[in-house]
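Enquirer: Protein sequence lines correspond, in order, to chains A and B. Oh and the first sequence: position 203 is 203 in our numbering, straight run, nothing missing. Oh and the second sequence: position 112 is 616 in our numbering, straight run, nothing missing. Where is the CB? At the ideal position from N, CA and C, for every residue including glycine. I'd like to ask some things about the structure below.
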Amino acid sequence: MKPLKTTIEKKPILGWLLFFATLLVVFVLGLLASSIMERRAEASFVNVPKVKLSEFEPRNEVWGENFPREFQSYYQTADTSFQSKYNGNAMIDMLEVDPELVVLWAGYGFSKDYNQGRGHYYAVEDVRKTLRTGAPANENEGPMPSTCWTCKSPDVPRVMQEEGVAEFYKGKWARLGSEIVNPIGCADCHDPKTMNLRVTRPALVEAFENMGKDVSKASHQEMRSLVCAQCHVEYYFDKTKVEGAQYLTFPWHNGMTVEGAEEYYDAINFSDWTHALSKAPMLKAQHPGYEIYMQGIHAERGVSCADCHMPYKSEGGQKFTDHHIQSPLNNVANSCQVCHREETATLLKNVFDRQDKVIENRDKLEELLVRTHLEAQKAWELGASEEEMKDVLMGIRHAQWRWDYAAASHGGSFHAPLETSRIISTGITIAQETRIHLSRILASKGFNEELPYPDISTKAKAQEFIGLDMATLNEEKEEFLETVVPEWLKKAQEREDSWDVVRN
Amino acid sequence: MIRNLHPPKIWRIPVIIVLGIFAGLFALSIYLSKAHSYLSDDPKTCVNCHIMAPQYATWNHSSHREVTNCNSCHVPHDSFFNTYYFKAKDGLRHATVFTLRNEPQVIFIKEEGAGVVHQNCVRCHENQLMDAQHSSYVANYEAHRTDRKCWECHREVPHGRVNSLSSTPYARVPLPESPVPDWIKELNNND
């Protein structure tokens, strides 16, 4: 073979051919390289979130731009059309349903107003509307401390970050009225960078520390309940921990049981209020939903809150967690029937059976407690001494604590029917023991007959019976909602308008 | 021989430059396409093309992630030669489809690939499938136990049922990051 150069020297056209062939190869190779580059660049735009979320972004709508499915399903918590046999997402005036409650809570805010809660969407609105938060005209007025906001909004972690935790718990409820405006939502449970579940409320972290546990070691499945346990638990405000602060604390030091919490409260001599009729140092149980749930069979089998209340759903071929947090009874197919193969009607009956049976005894205990309060009141009237009444008052405290623990643990009669029945039955025993004791005291004062049961057949009658001026309370509230709240909202709007939303 | 291919003296410089460009572009293509990674078994390689993200995400959420990588199931393991022959053949087909933007919105496995996957199911799960005692007295035992595709029944193993390109929008998948090194990005950063 001749050297290439001699060939080309002879036929220059071959040289040109070689030149253009090389040119073509380099050109095509360049195209390939740029195509690979383009397709690789696509990867950096795959599913890029629209908004860069800041660490404490409280606005659910801003998160919603990145996660439309989750946000839109969350937004359905605004629905109020579902009522099950006892609960649901509509607002129910529980004092109307059960006027005995007014007497049980005489002297305490709950006797003014107590409703079955609506969805998370209404968290902030409903806490403004309830008569229990009163009608503060300025930030230093009102019956409630700022701590009452703790569970209402993703603005809370933001303000806690700005002010410090103990500072947050200082002052009146009205102090933070313009700060807390977004209802419970994304930032309460999610890390904005990774979307991992996170605990944002210090009270849960501290409660775990008090039990010698570390909440940051929780598994993902445990977190699917623990984010709920930030709020759906029994708590109280510790006024001794930090000067001037009403420090939100869970009474889990002796374990997460009704007796554990009772023992804790007794040891520190804590009471929420003194009963207006019986003068007993009362405890108010606040929705110990998580504690009761942990005693039930579903918890024992490792089922989390989200498994039933936020089951997976599929939309357009995409599987995601349904953020419409609601009663599983409104969505049996996606919740119960994932594990249980029975008909919907059968499953509903199984739930209602448990609820009916537990409530039968709960109502009995309720009536006993009304009688006990009135008999204690009678004993005071007849001149009983503090010493004589000591055991009676403790009996009333413990019996009503158990009733409340069962009643306030919404869903407890299904979450842990056995434990709930046990709590109520010990409550009945204590109440009856106390009444025996009381009847001896009454007899020793010369009163040896049955005290007539008052006519508390309606909320209005019961409230009149304990001496509440409802007209004034309602009027003040109306005024508050018309004058103070719009000011709060205006201030909040100004603040949020000043925040930049960083878009990708 | 090589000497024969040398260009005329006057052309040497341009030819060197052209060959340099040629080699450089080739190297760039290798770098951009992460061609070296295709020699490994790492599942990250398969999401070099972002359209495989749902497959990666569903595998990564399945129990199979503990014991398999993509190649364990999608490449035959009957002989060393066959393993790399199939891998090269299938890989080049994928690369071509991706480069030409010919990918479908919903990716289905081809007949040949399905056969490979099925063989691999049997390869690991043989003890669950076959029982020596039965095989000695049941007619056509082996055929009856293995002639259906496993996923006729086990339909969600391991990728789930629906796998369109957009079925796992928020999954965290190790897609290739920008090939531009940080120092160049910083040069571009005018503020």
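1. Spell out the partners DSSP gives Ala-245 of chain A in its beta bridges.
2. Beta strand (DSSP E) containing Glu-315 of chain A: first to last residue?
3. Would you say Asn-508 of chain B reaches chain A, if we count a Cβ-Cβ gap shorter than 8 angstroms as a contact?
4. Quick check on Ile-423 of chain A: buried or exposed, where buried means 16 or more other Cβ atoms within 10 Å of its Cβ?
5. Let me check understanding here. Comparing Cα to Cα, which of A:Leu-438, A:Gly-119, A:Arg-118 and A:Pro-288 lies closest to Leu-368 of chain A?
6. Closer than 6 angstroms by C-beta to Asn-573 of chain B: which residues in its own chain qualify, once you throw out the five before and the five after it? Chain order, please.
7. What residue does the beta strand (DSSP E) around Asp-238 of chain A start on, and which one ends it?
8. Check the DSSP bridge columns for Gly-88 of chain A and list the partner residues they point to.
9. Note down, in chain order, each residue of its chain lying with its Cβ closer than 6 angstroms to the Cβ of Ser-84 of chain A, except the 5 sequence neighbours on either side.
10. For Leu-393 of chain A, which residues of its own chain have a beta-carbon under 8 angstroms away from its beta-carbon, when the five flanking residues on both sides are left out?
11. Using a Cβ-Cβ cut-off of less than 9 angstroms, give me the residues of the stretch 556-570 of chain B that come near chain A, in sequence order.
12. Could you give the distance in angstroms between the alpha-carbon of Trp-401 of chain A and the alpha-carbon of Glu-163 of chain A?
13. Suppose the cutoff is 6 angstroms on Cβ atoms and the five residues either side in sequence are ignored; what does the same chain contact list for Phe-208 of chain A look like?
14. Taking any Cβ of chain A, which residues in the stretch 521-534 of chain B have a Cβ under 7 angstroms from it, in chain order?
15. Suppose the cutoff is 7 angstroms on Cβ atoms and the five residues either side in sequence are ignored; what does the same chain contact list for His-309 of chain A look like?
16. Please work out which residues of its chain come closer than 7 angstroms, Cβ to Cβ, to Arg-261 of chain A, disregarding the five sequence neighbours upstream and downstream, and give them in chain order.
17. Please go through the same chain and pick out, in chain order, the residues whose beta-carbon is closer than 8 angstroms to the beta-carbon of Glu-125 of chain A, but skip the five residues on each side of it.
18. In terms of residue numbering, what span does the alpha helix (DSSP H) encompassing Lys-459 of chain A cover?
19. Which class does Thr-274 of chain A belong to by DSSP, given the choice of helix, strand or coil?
20. Alpha carbon to alpha carbon, how far is Glu-259 of chain A from Gln-337 of chain A?
21. Are the Cβ atoms of Pro-58 of chain A and Ser-146 of chain A separated by less than 8 angstroms?
22. May I ask which residues mark the beginning and end of the alpha helix (DSSP H) holding Gln-400 of chain A?
23. At a CB-CB cut-off below 8 angstroms, which residues of chain B make contact with Glu-42 of chain A?
24. With 8 angstroms set as the bound, which would you pick, yes or no: does the beta-carbon of Glu-690 of chain B sit closer than that to a beta-carbon of chain A?
25. Are the stretch 84-102 of chain A and the stretch 343-363 of chain A touching by the rule of at least three beta carbon pairs closer than 8 angstroms?
26. Cβ atoms of Phe-602 of chain B and Leu-29 of chain A: under 8 angstroms apart, would you say?
27. Please report the straight-line C-alpha distance between Tyr-169 of chain A and Cys-151 of chain A, rounded to a whole angstrom.
28. What residues in the stretch 591-605 of chain B have a beta carbon less than 7 angstroms from any beta carbon of chain A?
29. Could you check the C-alpha separation between Leu-442 of chain A and Ala-384 of chain A for me, to the nearest Å?
30. Determine contact between the stretch 237-249 of chain A and the stretch 294-309 of chain A, defined as no fewer than three beta-carbon pairs at a distance below 8 angstroms.
31. Pull out every residue of the stretch 42-65 of chain A whose Cβ sits closer than 7 angstroms to any Cβ of chain B, in chain order.
32. Of all the options A:Ala-379, A:Asn-474 and A:Glu-476, which has the alpha carbon lying nearest to the alpha carbon of Lys-445 of chain A?
33. Strictly below 7 angstroms CB to CB, what residues from chain A border Pro-512 of chain B?
Expert: Reading off the structure:
1. Indexing the first sequence from 1 puts residue 245 of chain A at position 245. In the DSSP output, where bridge partners are listed per residue, Ala-245 of chain A has A:Lys-170.
2. Here residue 315 of chain A refers to the residue found at position 315 when the first sequence is read from its first residue. 312-315 is the extent of the beta strand (DSSP E) around Glu-315 of chain A.
3. Mapped onto the second sequence, residue 508 of chain B falls at position 4. Closer than 8 angstroms to some Cβ of chain A, the Cβ of Asn-508 of chain B qualifies, so yes.
4. On the first sequence, residue 423 of chain A is found 423 positions in, with the first residue counted as 1. Buried: at least 16 other Cβ atoms inside 10 Å.
5. Along the first sequence, one-based indexing puts residue 368 of chain A at 368. For Leu-368 of chain A, the nearest C-alpha among the options comes from A:Leu-438.
6. As a first step, residue 573 of chain B is located in the second sequence; it is residue number 69 there, counting from the start. The answer, listed in chain order, is Asp-545 and Pro-547.
7. Within the first sequence, numbered from 1, the residue matching residue 238 of chain A stands at position 238. Residues 236-238.
8. Along the first sequence, one-based indexing puts residue 88 of chain A at 88. Note: Gly-88 of chain A sits in a beta bridge opposite A:Gln-83.
9. In the first sequence, counting from the first residue as 1, residue 84 of chain A sits at position 84. Cβ within range, chain order: Ser-327 and Leu-329.
10. Here residue 393 of chain A is taken as the residue at index 393 of the first sequence, counted from 1. Cβ neighbours of Leu-393 of chain A beyond the five flanking positions: Ser-278, Lys-279, Ala-280, Pro-281 and Ala-376.
11. Ala-557
12. Numbered from its first residue, the first sequence carries residue 401 of chain A at position 401. Numbered from its first residue, the first sequence carries residue 163 of chain A at position 163. Near 34 angstroms, if we compare the C-alpha coordinates of Glu-163 of chain A and Trp-401 of chain A.
13. Within the first sequence, numbered from 1, the residue matching residue 208 of chain A stands at position 208. Result list for Phe-208 of chain A: Val-215, in chain order.
14. Val-522, Ile-525, Phe-526, Leu-529, Phe-530, Leu-532 and Ser-533
15. Counted from its first residue, the first sequence places residue 309 of chain A at position 309. Counting only Cβ-Cβ distances below 7 angstroms, and skipping sequence neighbours, we find Ile-325, Gln-326 and Pro-328.
16. What you label residue 261 of chain A is simply residue 261 of the first sequence in a count that begins at 1. Rather than Arg, the amino acid found at residue 261 of chain A in this sequence is Ala. Result list for Ala-261 of chain A: Glu-234 and Pro-251, in chain order.
17. Position 125 of the first sequence holds residue 125 of chain A. Once the five neighbours on either side are set aside, the close Cβ partners of Glu-125 of chain A are Pro-183.
18. For this step, residue 459 of chain A is matched to residue 459 along the first sequence. It spans 459-465 - the alpha helix (DSSP H) in which Lys-459 of chain A sits, taken as one unbroken run.
19. For the purposes of this step, residue 274 of chain A is identified with residue 274 of the first sequence, where counting begins at 1. Looking at Thr-274 of chain A - three-state DSSP - the assignment turns out to be strand.
20. Along the first sequence, one-based indexing puts residue 259 of chain A at 259. Along the first sequence, one-based indexing puts residue 337 of chain A at 337. Rounded to whole angstroms, Glu-259 of chain A to Gln-337 of chain A spans 34 angstroms at the Cα level.
21. Working through the first sequence from its first residue, we reach residue 58 of chain A at position 58. Working through the first sequence from its first residue, we reach residue 146 of chain A at position 146. No.
22. In the first sequence, counting from the first residue as 1, residue 400 of chain A sits at position 400. Residues 386-408.
23. Sequence index remark: in the first sequence, residue 42 of chain A carries index 42 (1-based). Going along chain B in sequence order, the residues near Glu-42 of chain A (Cβ under 8 angstroms) are His-554.
24. The residue given as residue 690 of chain B occupies position 186 in the second sequence. Not an interface residue.
25. yes
26. Taking the first sequence and counting its residues from 1, one reaches residue 29 of chain A at position 29. Taking the second sequence and counting its residues from 1, one reaches residue 602 of chain B at position 98. For Leu-29 of chain A and Phe-602 of chain B, no; Cβs fall outside 8 angstroms.
27. To locate residue 169 of chain A, count along the first sequence from 1; it is residue 169. To locate residue 151 of chain A, count along the first sequence from 1; it is residue 151. The alpha-carbon atoms of Tyr-169 of chain A and Cys-151 of chain A are separated by roughly 12 angstroms.
28. Phe-602 and Thr-603
29. Locating residue 442 of chain A in the first sequence gives position 442, where the first residue counts as 1. Locating residue 384 of chain A in the first sequence gives position 384, where the first residue counts as 1. Approximately 8 angstroms between the Cα atoms of the pair.
30. no
31. Glu-42, Ala-43, Ser-44, Val-46 and Asn-47
32. The count along the first sequence starts at 1 and reaches residue 445 of chain A at position 445. Taking only the C-alpha atoms, the option nearest Lys-445 of chain A is A:Ala-379.
33. Working through the second sequence from its first residue, we reach residue 512 of chain B at position 8. In chain order: Lys-5, Ile-8 and Glu-9.
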